[in-house]
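K.L.:
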Amino acid sequence: MGIIISGIGSYVPEKVLTNADLEKMVETSDEWIRSRTGIEERRVAADEQATSDLAYAAALRALEDADTQAEELDVIIVASITVDQVFPSTACILQKKLGASRAFCFDLEAACSGLVYSLEVGQSLLKSNHRYKKILVIGAEKLSSIVDWSDRNTCVLFGDGAAAVVIERDAERDDCILSTSLGSDGNHTEVLNIPAGGSRIPASEQTVAERLHYIRMAGRDVFKLAVNAMVSSSKEVMEEAGVTSEQIKWLVPHQANYRILKAVAQRLHIPEERVYMNLNRFGNTSAASIGLCLDEIARDKLVSTGDYVLLTAFGGGLTWGSILLKW
Ligand code: UT7
788 MGIIISGIGS
798 YVPEKVLTNA
808 DLEKMVETSD
818 EWIRSRTGIE
828 ERRVAADEQA
838 TSDLAYAAAL
848 RALEDADTQA
858 EELDVIIVAS
868 ITVDQVFPST
878 ACILQKKLGA
888 SRAFCFDLEA
898 ACSGLVYSLE
908 VGQSLLKSNH
918 RYKKILVIGA
928 EKLSSIVDWS
938 DRNTCVLFGD
948 GAAAVVIERD
958 AERDDCILST
968 SLGSDGNHTE
978 VLNIPAGGSR
988 IPASEQTVAE
998 RLHYIRMAGR
1008 DVFKLAVNAM
1018 VSSSKEVMEE
1028 AGVTSEQIKW
1038 LVPHQANYRI
1048 LKAVAQRLHI
1058 PEERVYMNLN
1068 RFGNTSAASI
1078 GLCLDEIARD
1088 KLVSTGDYVL
1098 LTAFGGGLTW
1108 GSILLKW
C-alpha cells in the first residue's frame, strides 16, 4: 500500500506582463531583469479573480487528471500567502466552488515552501488515518495583489498562478514520496515579509499611506539563505533515500531566481539541463511554482515511471524543504 500522486493540474491567468511593460512602470530594464533573475514575463490575474478562482481552475484539472470527483476528497489543503480573506480559509471557499462536501479544509502558510509543506502534511494524514483516501493539495497565489508596483526591487520578480496535486492511497503501488526534510528559522522574519495587516500592526490609514501592506524583501540576504537551505535539505532527502545526484532525473526548485537555481544545482552536482525552469515565463509564483513545474513535466512526458524527481523550496518565515519523489 503506497501513497501516490494520482493527478496534477495547473492554471495561470491569461494576462501576460512582460519586462518591456515593467520598463514603463518603474526604473528598470529588460536586460537587468533577465540577467539578474532569468525572468522574461509573468502572468497577472484579472481584478475580479481571487486566489480561490486560480486554485479552482487548477483543482478541476488535477481532479480530471486523477479521474476523481470532488465529492471523493477527504481533505483540501491550500498553501498561499495571498488568501482571499484573512478568514474563512481559502480552502473552505474553494470547497464550496468544487462541491467537495465531504472534505475538511484548511490553509497552510509556509510562503514559497507551501506546496512542499502541504505534500508532507497531506501524506502524513493519509498514513496516520485510514479513513482518509484522497487529498487535494494546492499552491495558489495572486501575488500581484501584494506587490508594490512602485518598488523595482520586488515588482519585477513575482507572478500569479496555481497548481494542484491529488495524492491518494494505492494498494498496487509503492510510496511515491521517498523522503522529506522540512525546516524553519524564525530568526529571519525581517528579510521577507508584509509588515502590516495582522494583529501586530492592523490596517489603518497610516499603514496604507506608508505602503506597509506590500511585500518587503532584503534580496541579497534571502539569496544566500535560500541557497544554503535548499542545498542542505536536498542532500538530506537524497541521503535518507540512498539516492545520488546522478540518479536525479529532474531537480525541481522553487522558481525564485535562475542564479539561485544554478547555485543550488552546482552545489548538488546536478547539471543545468536536469534543472527544471519555467521562471522565464511565470516569474516567482511562491507556493504555486513547484506545482507549475510538475504539471509541465508530467504533461510534456518528461518523466517516466521510476524516475527520481527532487523538489526543493525556500521562502519567507524562513521556511524551506525538500521532497524526493519516485515517479
Ligand atoms: O521566493 C523566495 C524569496 N525570494 C527570493 O528568493 C529572491 C532572492 N533574491 C534575489 O533573487 C536577488 O537578490 C534579486 C533579484 C532580488 C536582486 O538581485 P541582486 O543581484 O541581489 O541585486 P541587488 O539587490 O544587490 O541590487 C543591485 C542593484 C542596486 O543598485 P545599487 O544600489 O547597486 O546602485 C539596486 O537598486 O540593482 C538595483 N536594482 C534594480 N535595477 C534595475 C534592484 N532592482 C532593480 C530593477 N531594475 N528591477
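Each number in this note's numbering comes from the position in the sequence shown (counting from 1) with 787 added on.
We put the CB at the ideal spot given by N, CA and C, even for glycine.
Bear in mind the structure is a predicted one, so any value in this text is a computation, not a measurement.
#1: Below 7 Å, is the gap between the Cβ of HIS1041 and the nearest heavy atom of the ligand UT7?
#2: Which value, in whole angstroms, describes the spacing of the CA atoms of ALA1043 and SER816?
#3: Counting only runs that start and end within the segment 930-997, where is the beta strand (DSSP E) found for 3 or more residues in a row?
#4: Alpha carbon to alpha carbon, what distance is there between THR1031 and PRO875?
#5: With 16 other CB atoms within 10 Å as the buried threshold, where does GLU997 fall?
#6: Give me the Cα-Cα distance between ASN916 and ARG1054, rounded to the nearest whole angstrom.
#7: At the level of alpha carbons, what is the spacing between LYS1011 and PHE1101?
#8: Where do the ends of the alpha helix (DSSP H) carrying GLY901 lie?
#9: Work out the CA separation of ASN1065 and LYS811 for me, nearest whole Å.
#10: Specify, as a first and last residue, the run of the beta strand (DSSP E) that LEU1038 falls within.
#11: Measure the alpha-carbon distance for ALA927 versus LYS884 and round it to whole angstroms.
#12: Enumerate in chain order the residues of its own chain whose CB-to-CB distance from ALA949 is below 6 Å, with the five nearest sequence positions on each side excluded.
#13: Please report the straight-line C-alpha distance between LYS1088 and ILE925, rounded to a whole angstrom.
#14: Quick one: does the C-beta of LEU742 sit closer than 7 Å to a heavy atom of the ligand UT7?
P.N.:
In this structure, then:
#1: yes
#2: 19 Å
#3: 948-957, 964-971
#4: 43 Å
#5: exposed
#6: 38 Å
#7: 11 Å
#8: 901-915
#9: 24 Å
#10: 1035-1040
#11: 15 Å
#12: TYR798, LEU841, ALA842, ALA845, ALA927, ALA1075
#13: 21 Å
#14: There is no way to answer for residue 742, as the model of the chain reaches only from 788 to 1114.
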